[in-house]
Structure formats: structure tokens, C-alpha cells
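Numbering (our numbering), first residue to last: 4 to 286.
All C-beta atoms, glycine included, are put in the ideal place defined by N, C-alpha and C.
This structure is a prediction, so every number in the text was calculated from the model and none was measured.
Notes for the one structure printed next.
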DNA sequence: ATCCAGGATGTAT
DNA sequence: ATACATCATGGA
């Protein structure tokens with residue numbers, strides 16, 4: 004195991020892990036959304052990553068390269084450069100200040116996709132529970148220094164799960180989304196374009212993936228930082244604070260927002276989403 | 001009990 | 001293209 008000390012004075016690990024963008028990380032000792040040390044783990048390329056917050060840095064333990072960790076946590080991104088792409092906008096400026104430690108993570112495609120397949124009409128803590136229950140039931144259990152760690156199954160491993168198995172985990176009607184999508188992926192039928200709008204259409208070929216889920220996967224695992232996922236919170240915030248950008252049509256609102264906020268619209272979305280969720284702005 | 005939650009799909013117009 | 005019902009589950 005390598006041990007990296009990474010300088011990250013403008014990074015809040017706790018906030019980044021618990022703000023509801025990722026369901027692929029776990030708190031090392033305890034529930035993700037509960038109390039506990041700011042120490043988290045995930046698996047990437049079958050390798051364990053453990054990250055712990057220090058004062059102005061983080062400590063990462065992993066067999067992977069340092070760059071992989073930085074990319075996974077989004078600390079390879081330069082926030083100054085990102086802010087310079089933003090329009091002059093008071094609300095966004097305010098929210099980005101309050102949330103300056105929040106980075107957009109880059110999770111692995113498959114576990115990220117499955118968690119957002121579970122997300123429709125569901126609250127964030129329950130999405131996480133579904134993700135954990137799938138890992139518990141169909142994933143490998145890894146022993147690390149006496150701790151049992153959860154590893155999310157690969158798409159091949161999850162192919163063993165029937166729709167009924169998934170329903171029994173409490174996925175409800177989302178069980179079919181996961182089961183059918185896993186089939187499609189294992190048949191090797193998905194190629195994702197380099198172009199954002201084409202990539203979103205490509206993802207929507209998966210059963211259970213609509214505009215919003217596609218945007219989440221594009222933003223949180225495939226590095227499309229222009230994606231602006233429009234869930235109910237985000238849409239209400241747009242309607243109230245940016246009525247000129249609002250549309251009931253997803254594609255219209257999306258292109259309006261991307262045109263206004265620019266190539267890092269996804270960061271703008273996260274700032275505004277969490278400002279709305281935390282009640283800093285009314286929706 | 002009734003309503004609602006990081007929506008998507010199927011069907012009818 | 002747009003409108004509407006339907007889809008499971010658990011917590012408030």
C-alpha cells in the first residue's frame with residue numbers, strides 16, 4: 004500500500020462524500036450520513052482507496068497511483084480556473100463561497116450508474132442503503148486489518164441477481180431498471196460517444212436511464228462537467244432564481260443552463276442544488 | 001391514513 | 001411533441 008499526503012487546503016472531504024452526489028464511498032467506521040471520523044473508502048479498479056482528512060491535506064492509502072486518487076476526488080481540478088468560466092452571478096458566487104470545499108467526484112461508471120438507476124422518487128439516504136444492500140448481497144467482502152469492507156459487484160457479478168432478488172432488497176420498481184440494464188451492458192451493447200449530447204442519448208438506451216439519470220452519470224463518473232442534472236430541487240431553483248432559463252422541457256432547460264453557466268455547469272448545479280437543499284436559498 | 005421522495009416508462013392524444 | 005397514469009417502498 005502506498006501512503007500519499009496530498010495538499011488540499013481548499014477541499015472538504017466530509018462535504019464531498021456526504022452531499023449526495025456519490026453512493027460509491029463509505030465511511031470507514033460508521034454510516035456514511037452518520038457521525039464519525041472523516042475517513043472514507045471505496046474500490047476502484049478492484050483496488051482499495053482509503054482517504055482521511057487532515058488539516059490542510061488528506062492522507063490516502065491505496066495501491067493505485069496518486070493521480071488516480073486525485074482524479075477520483077476531483078482535486079485534480081483547478082477551482083480558480085473553473086470559477087473563471089462562470090458568468091458574473093451573485094447567487095452562484097454566494098453558493099460557491101459557502102461550498103468552496105465541495106468537489107465533483109469521479110466514481111467508477113458501473114456502481115455510479117446503478118446507484119442512479121435506484122434514485123427515481125427516492126431520498127438520498129435510501130439510495131445509499133440500496134447501493135450498500137446490493138454490495139452486501141452480491142459483492143465481495145474484503146477483509147482489511149480486521150475490518151470487513153464492502154465492495155460493489157462488477158456488472159458480471161451483478162448479472163447473477165434476478166429482478167426478484169433485487170426487489171427483495173427493496174429496490175421496488177427500480178429492480179427492473181437494474182436487471183435490464185445489467186443485461187444490456189453484459190451483452191456489450193453500449194458505446195458512449197465523446198460528444199456530450201450524443202453521450203446522453205447513448206446512455207438513455209439503457210433501461211431506466213432518462214435525461215436526469217444520464218446527466219448524473221455523465222457528471223459524476225464520465226467527466227462531462229457541462230452536464231446539469233435537473234432533478235426536482237434543481238428545477239425548482241431554476242424556476243425561482245433563473246426564470247429566463249427555465250423550461251418544462253428538459254432539453255430546453257438543459258441547453259439554456261449550459262449556455263449560461265458554461266463548460267463547468269455541473270459545478271454550478273452542485274453549488275445551487277446544495278444551497279437549495281440546505282435552505283440557503285428558497286425553492 | 002395520506003402524501004411524497006435527486007424520475008422513467010408506457011400509452012393515448 | 002405533450003399529457004397523464006403507473007410504478008414500490010418507507011418515513012413523515
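Item                                                                                                                    : Value
Proximal residues to residue 193 (C-beta, below 6 Å), its chain only, five neighbours per side dropped                  : none
Residue 235, buried or exposed, once every other Cβ within 10 Å from all chains shown has been counted against 16       : exposed
Per-residue burial, residue 20 [other beta carbons within 10 Å of its own, 16 or more giving buried]                    : buried
Beta carbon of residue 245 nearer than 9 Å to that of residue 268                                                       : no
Cβ-heavy atom distance, residue 110 to the ligand ATP, below 8 Å                                                        : In terms of ligand content, the structure shown is empty, and the ligand ATP therefore cannot be addressed.
Nearest residue (CA-CA) to residue 211, options 201, 174, 242                                                           : 174
Burial state of residue 29 (16 or more Cβ within 10 Å)                                                                  : buried
Anticipated Cβ contact below 8 Å, residue 248 with residue 263, distance rounded                                        : 6 Å
Collapsed DSSP secondary structure at residue 130 in the structure displayed                                            : helix
Supposed close pair residue 26, residue 53 - CB separation, criterion 8 Å                                               : 18 Å between Cβ atoms; not a contact.
Cross-strand partners of residue 150 (DSSP beta bridge)                                                                 : 147
Helix, strand or coil at residue 258 according to DSSP, with G and I counted as helix                                   : helix
Distance between residue 223 and residue 75 (C-alpha atoms, nearest Å)                                                  : 10 Å
Residue 165 burial status per 10 Å Cβ neighbour count (16 or more: buried)                                              : exposed
Close-in-space but distant-in-sequence residues of the same chain around residue 133 (CB under 7 Å, 5 per side omitted) : 121, 172, 173, 174
Rounded Cβ spacing between residue 275 and residue 68 (contact assumed at less than 8 Å)                                : Actually they do not touch by this definition, with Cβ atoms about 33 Å apart.
Residue 281, DSSP secondary structure in three states                                                                   : coil
Residue of 80, 272, 139 minimising C-alpha distance to residue 14                                                       : 80
Endpoints, the alpha helix (DSSP H) within which residue 124 is located                                                 : Element bounds for residue 124: n/a, residue is neither H nor E.
Burial state of residue 126, where buried means 16 or more other Cβ atoms lie within 10 Å                               : exposed
Contact set for residue 130: own chain, Cβ-Cβ below 7 Å, skip 5 residues either direction                               : 26, 118, 121, 122
Residue 106: first and last residue of the uninterrupted beta strand (DSSP E) it sits in                                : Where residue 106 is concerned, there is no enclosing beta strand (DSSP E), given that its DSSP letter is neither H nor E.
Residue 257, buried or exposed, once every other Cβ within 10 Å from all chains shown has been counted against 16       : buried
C-beta contact flag for residue 273 and residue 105 at 9 Å                                                              : yes
Host alpha helix (DSSP H) of residue 240 (start-end)                                                                    : 235–244
Whole-angstrom distance between residue 156 and residue 111, CA atom to CA atom                                         : 12 Å
Alpha-carbon to alpha-carbon, residue 285 and residue 215                                                               : 22 Å
For residue 70, three-class secondary structure by DSSP                                                                 : helix
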